[in-house]
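Below is one structure, written out as structure tokens; the observations come after it.
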Amino acid sequence: MIDEILEYNRQFVERKGYEPYVTDKYPRKKLAVLTCMDTRLTELLPKALGLGNGDAKIIKNAGGLVIFETDSAIRSILVAIYELGVTEIMVVHHSTCGACHMSYDHFKPHMLESGISDEVLKEWEGKGIGPWLEGFHDTEASVRKTVEAIVSHPLVPKTITVRGFIIDSVTGQLAEIK
Ligand code: ZN
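Under the working numbering, the first residue of the sequence shown carries the number 5, and numbering increases by one thereafter.
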């Protein structure tokens, strides 16, 4: 598959397919969106929110979650605020998310089958792999928790607006969670 992508890429550049997307690194709408890596959202989310290239920083991970205060999502949010001028953040979780009901207990047997040793897993259990790989059970509660994790983060200024939403994975309809 990667070789096919490389061939496509060669042709894309050759026919100047990039021309409609030329912009700079500063988000025109001063917006960051923290959302899930789900493939259903790849095109649907920006289209449903009216976001084009250059409009917003889109930060993605499994579930669109913040687990720890040093998470990569928080790091990206801080860069978006202090380096790129973002003033508003949307947390957007989605219906029937794969991170719903995700847990380390579910991954563990697959990891063992894939050749990861018991010893390594024990070591990682000591490093907090359990909560790190934990999904959520209630999507609305998870949105509220993620918004709260950003709003209450000691390095996020109080002037930043953070609002939470659930997007329908089929229709793209947004529902605000308060
Ligand atoms: Zn998801």
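Just so it is clear, CB atoms sit at the ideal spot from N, CA and C, and this is done for glycine as well.
On a predicted model such as this, the values are computed, not experimentally measured, just so you know.
Considering only residues of the segment 19-84, which uninterrupted beta strand (DSSP E) runs meet the minimum length of 3 residues and lie entirely inside it, listed in chain order?
-> 35-40, 60-65
Beta-carbon spacing of L69, Y108 below 8 Å = Sequence index remark: in the sequence shown, residue 69 carries index 65 (1-based). Sequence index remark: in the sequence shown, residue 108 carries index 104 (1-based). Contact flag unset, no.
Within 10 angstroms of its Cβ, does F140 collect 16 or more other Cβ (buried), or is it exposed?
-> Translated into positions along the sequence shown, residue 140 becomes position 136. It is buried - the Cβ of F140 has at least 16 other Cβ atoms within 10 Å.
Measure from the alpha carbon of T165 to the alpha carbon of each residue in G21, E18, K34, M5, then state which is nearest.
-> Locating residue 165 in the sequence shown gives position 161, counting from the first residue. Cα-wise, what sits closest to T165 is K34.
Give the secondary structure of A153 by DSSP, where H, G and I count as helix, E and B as strand, and everything else as coil.
-> On the sequence shown, residue 153 is found 149 positions in, with the first residue counted as 1. A153 falls in the helix class under three-state DSSP.
Alpha helix (DSSP H) containing V124: first to last residue?
-> Here residue 124 corresponds to residue number 120 of the sequence shown, with the count starting at 1. Counting along the chain, the alpha helix (DSSP H) containing V124 begins and ends at 122-130.
heavy atom of ligand 1 below 7 Å from G67 C-beta = Taking the first residue of the sequence shown as position 1, residue 67 is located at position 63. Because some heavy atom of ligand 1 lies under 7 Å away, the Cβ of G67 counts as near it: yes.
In angstroms, rounded to a whole number, what distance separates the CA positions of D59 and V26?
-> Along the sequence shown, read from residue 1 onward, the residue named residue 59 stands at position 55. Along the sequence shown, read from residue 1 onward, the residue named residue 26 stands at position 22. Cα to Cα, D59 sits roughly 12 Å from V26.
Boundaries (first-last residue) of the alpha helix (DSSP H) holding Q87 | Translated into positions along the sequence shown, residue 87 becomes position 83. Sequence inspection shows Glu at residue 87; the Gln mentioned does not correspond to that position. Boundaries for E87: no alpha helix (DSSP H) harbours it, and the DSSP string shows neither H nor E there.
Under the criterion of a Cβ to heavy atom distance below 7 Å, does D42 qualify as lining ligand 1?
-> What you label residue 42 is simply residue 38 of the sequence shown in a count that begins at 1. D42 Cβ: within cutoff of ligand 1.
Less than 7 Å between the CB of A52 and some heavy atom of ligand 1, yes or no?
-> Taking the sequence shown and counting its residues from 1, one reaches residue 52 at position 48. The answer is no for A52.
Please confirm if W128 has its CB atom under 8 Å from at least one CB of chain D.
-> Of the protein chains in this structure there is only one, and it is not chain D.
State whether the segment 45-54 contacts the segment 70-85, with contact taken as three or more CB pairs (one from each stretch) at a distance under 8 Å.
-> no
For M5, which residues does DSSP report across the bridge?
-> Walking along the sequence shown from the start, residue 5 turns up at place 1. Paired residues: none, contrary to the question.
Should A60 be counted as a contact of ligand 1 given a C-beta to heavy atom distance under 7 Å?
-> In the sequence shown, residue 60 corresponds to position 56, counting from 1. No, since every heavy atom of ligand 1 falls outside the 7 Å radius drawn around the Cβ of A60.
Could you check the C-alpha separation between R19 and T46 for me, to the nearest Å?
-> Against the sequence shown, residue 19 aligns to sequence position 15. Against the sequence shown, residue 46 aligns to sequence position 42. Looking at the two C-alpha atoms, the distance is approximately 24 Å.
DSSP puts C104 in a beta bridge; with which residues?
-> For the purposes of this step, residue 104 is taken as residue 100 along the sequence shown, with counting starting at 1. Per DSSP, F140.
What is the rounded straight-line gap between the Cα of G176 and the Cα of T43?
-> For this step, residue 176 is matched to residue 172 along the sequence shown. For this step, residue 43 is matched to residue 39 along the sequence shown. The straight-line gap from Cα to Cα measures roughly 13 Å.
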